[in-house]
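Novice: Residue numbers (numbering that gives the first Met the number 0), protein chains in the order written: chain A, 0 to 116; chain B, 0 to 150.
C-beta atoms are modelled at their ideal positions from N, C-alpha and C, and glycine is treated no differently.
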Amino acid sequence: MEYLWVFLIGGLVCMLGEILIITTKITSARILVTFVLIGVILQAFNLFQPISEFAKAGINVPIIGFGASLAKGAMNAVESSGLLGAFVGGLEATAGGIAAAVIFAFIFSLISRSKTK
Amino acid sequence: MKNEKINEAYNSYVEARIPKTKAWPSLFNSFWVGGLICLIGQGINDLIIYIFPSMSQQSAWAWTLIILIFLASLLTGLGVYDKIGKFAGGGSIVPITGFSNSIASPAIEYKHEGIIYGTCVKMFSIAGPVIVTGIVASIVVGIIYFIIGLF
Numbered sequence: 000m001e002y003l004w005v006f007l008i009g010g011l012v013c014m015l016g017e018i019l020i021i022t023t024k025i026t027s028a029r030i031l032v033t034f035v036l037i038g039v040i041l042q043a044f045n046l047f048q049p050i051s052e053f054a055k056a057g058i059n060v061p062i063i064g065f066g067a068s069l070a071k072g073a074m075n076a077v078e079s080s081g082l083l084g085a086f087v088g089g090l091e092a093t094a095g096g097i098a099a100a101v102i103f104a105f106i107f108s109l110i111s112r113s114k115t116k
Numbered sequence: 000m001k002n003e004k005i006n007e008a009y010n011s012y013v014e015a016r017i018p019k020t021k022a023w024p025s026l027f028n029s030f031w032v033g034g035l036i037c038l039i040g041q042g043i044n045d046l047i048i049y050i051f052p053s054m055s056q057q058s059a060w061a062w063t064l065i066i067l068i069f070l071a072s073l074l075t076g077l078g079v080y081d082k083i084g085k086f087a088g089g090g091s092i093v094p095i096t097g098f099s100n101s102i103a104s105p106a107i108e109y110k111h112e113g114i115i116y117g118t119c120v121k122m123f124s125i126a127g128p129v130i131v132t133g134i135v136a137s138i139v140v141g142i143i144y145f146i147i148g149l150f
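Set out below in C-alpha cells:
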C-alpha cells in the first residue's frame, strides 16, 4: 500500500513537470530550477515534512526533495550555529548528492567515448 | 521593419519544425516512468534499512540518493538514459536521476573538447543554474529563519 502511494505521488509530480514542458516549452534546466525552488518554499513553510512522511520517496526522489534538504539544512544549521548556519547548512545537507553526481559523471566521461556526430 | 518580417518568417519556420509532443501519451509515460523511478528509490531505501537496521533514516536517504545518482550516471554513460528521456520527458527529468543525467550527459558529450574545457566546464551547463538558485534560495531562507528566531 505504501509503495502504491510512492508510485502515484512520484508519478504525479513528474507528470506536473511534463505538463510544464508541454504548455510552456521550457527547457530541462528551468524545470529543475522550478522544482528545486518549490522544494525550498515547501520546506521554508514547514510543509515538506508532513508530505514526506506520507509520500516518502514519491516526494524525496523528485528534485523537490533536493530543494527541501537545502532549505532544511540551512534552517537546522541556523538553530545550532546561528547566522553562519544559513551559509553552511544548505550545501552541507546536499553535499553527498552533488559530490556523487560530479564524481560519477567524471568517471563515466573518462570511460565512455563521446559520440561524434 | 524588414528584420521583423524575417524574424516572423523564421519563427513560423521554427514553430513548424519543433517536434510536436503528443500530449496524452507523453503525460502517461512521464507519469509511470517517474513513479517507477520513485518506487525504485523507495525499494533501495527499504533494502538499506533492512540490511543495516542501525542506520539513521537520514543516512539511509543519503545512500539511496547516491545509489540512484550512480545508476543514472551509468545509464547515461551507456546511452540508455537519453533514450528513456525521449520516451518519458518529465518522468526522467524531475527525479534526482534527471539531475544526475544533466551533469553526466554534457560531461560525456563534450569530452572531445578536453578534460578541463570539455568535461569539467560543460558538466555544470544545466546543473549549474540549479545549484546556484538552490544555494541562493536556501541562504535567503536561512537568514529569514535567523531573523524570525531573534524575536
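Looking at Ile102 of chain B and Leu64 of chain B, is the spacing between their C-beta atoms short of 7 Å?
Specialist: no
Novice: Could you check whether the Cβ of Ser111 of chain A sits closer than 7 Å to any Cβ belonging to chain B?
Specialist: yes
Novice: I need the DSSP call for Pro49 of chain A, collapsed to helix, strand or coil.
Specialist: In the three-state DSSP reduction, Pro49 of chain A falls in the helix class (H, G or I).
Novice: Can you grab the Cα-Cα spacing for the pair Arg134 of chain A / Ile102 of chain A, in whole Å?
Specialist: Because chain A in this structure spans residues 0 to 116, residue 134 of chain A falls outside the shown range and cannot be described.
Novice: Quick one: what's Pro94 of chain B bridged to in DSSP?
Specialist: A:Pro61
Novice: Decide if Lys71 of chain A is buried, meaning its Cβ has at least 16 other Cβ atoms within 10 Å, or exposed.
Specialist: Its Cβ being crowded by 16 or more others within 10 Å, Lys71 of chain A is buried.
Novice: I need the boundaries of the alpha helix (DSSP H) containing Glu118 of chain A, first residue and last residue.
Specialist: Only positions 0 to 116 of chain A appear in the structure, and residue 118 of chain A is not among them; the question remains open.
Novice: Determine which residues of the stretch 134–146 of chain B have a Cβ less than 8 Å from any Cβ of chain A, and write them out in chain order.
Specialist: Listed in sequence order: Ile134, Ala136, Ser137, Ile138, Val140, Gly141, Ile142, Ile143, Tyr144 and Phe145.
Novice: Could you tell me whether any Cβ in chain B is nearer than 7 Å to the Cβ of Ile37 of chain A?
Specialist: no
Novice: Report the rounded CA-to-CA distance for Pro49 of chain A versus Glu17 of chain A, giving the unit in angstroms.
Specialist: 25 Å
Novice: Can you tell me where the alpha helix (DSSP H) holding Tyr80 of chain B begins and where it ends?
Specialist: Val79 to Ala87
Novice: Over the uninterrupted alpha helix (DSSP H) stretch that includes Pro52 of chain B, give me the two end residues.
Specialist: Where Pro52 of chain B is concerned, there is no enclosing alpha helix (DSSP H), given that its DSSP letter is neither H nor E.
Novice: When you check each C-beta in the stretch 64–75 of chain A against every C-beta of chain B, which residues fall closer than 8 Å?
Specialist: Gly64, Phe65, Gly66, Leu69, Ala70, Gly72, Ala73 and Met74
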